[in-house]
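If you want my numbering, it's the 1-based position in the sequence shown plus 720.
Please read the structure below before turning to the comments.
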Amino acid sequence: MENNWINNNNFGIYTSDAWLDLGGGTTGSAGRNWLYCNTMYDIVVHPSLIENNWLSDLYANNNTWDRKPPTVEISNYTVSTDIHNHNSLVNVHADDSYLVAPSLCIPY
Numbered sequence: 721m722e723n724n725w726i727n728n729n730n731f732g733i734y735t736s737d738a739w740l741d742l743g744g745g746t747t748g749s750a751g752r753n754w755l756y757c758n759t760m761y762d763i764v765v766h767p768s769l770i771e772n773n774w775l776s777d778l779y780a781n782n783n784t785w786d787r788k789p790p791t792v793e794i795s796n797y798t799v800s801t802d803i804h805n806h807n808s809l810v811n812v813h814a815d816d817s818y819l820v821a822p823s824l825c826i827p828y
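So this is what it looks like as structure tokens:
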């Protein structure tokens, strides 16, 4: 997944599959996604069932976020962060991240 703008949602991306490549992973995504101004999380990693093919790494390199480096929460669903990594189930790689201008998140 590359070159997308994901903003103004409650959860930007909600995935239960770590095969998702947001940049720098095994499928060759270049990243360049803009993940910002989502109410609670830009990405939620929450597998409903750990399967044999579950990968231990989620790649989200070369993207633009609300914060630099992207903030990660592992257990508290009431805290707004960039990435909610449920119980630290995956290693999140968010290298070469960029910061979006905070003014883009101000409501009109």
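Beta carbons are placed, not taken as given, at the ideal position from N, Cα and C, and that holds for glycine.
Computed from a predicted model, the values in this text were never measured in an experiment.
Cβ-Cβ separation, residue j to residue i (assumed contact under 8 Å), whole Å
i, j, result
"T784", "V820", "5 Å"
"H806", "I794", "7 Å"
"C802", "D762", "The residue you asked about is not Cys; residue 802 is Asp in the sequence shown. That belief holds up - the Cβ atoms of D802 and D762 are roughly 5 Å apart, short of 8 Å."
Residue i versus residue j: straight-line alpha-carbon distance, rounded
i, j, result
"L809", "T798", "19 Å"
"I733", "P789", "18 Å"
"N723", "N753", "5 Å"
"D737", "Y818", "24 Å"
"S800", "D777", "22 Å"
Which residues DSSP lists as bridging residue i, in chain order
i, result
"H813", "Y779"
"I763", "I733, I803"
"E793", "H804"
"W785", "L819"
"L755", "I726"
Neighbourhood of residue i by C-beta distance below 8 Å, restricted to the same chain and skipping five residues each side
i, result
"S749", "M721, E722, D741, L742, G743, Y779"
Cut-off 7 Å between Cβ atoms - residues of its own chain near residue i, not counting five sequence neighbours on either side
i, result
"L824", "Y756, C757"
"G745", "Y779"
Close-in-space but distant-in-sequence residues of the same chain around residue i (CB under 6 Å, 5 per side omitted)
i, result
"T747", "D741"
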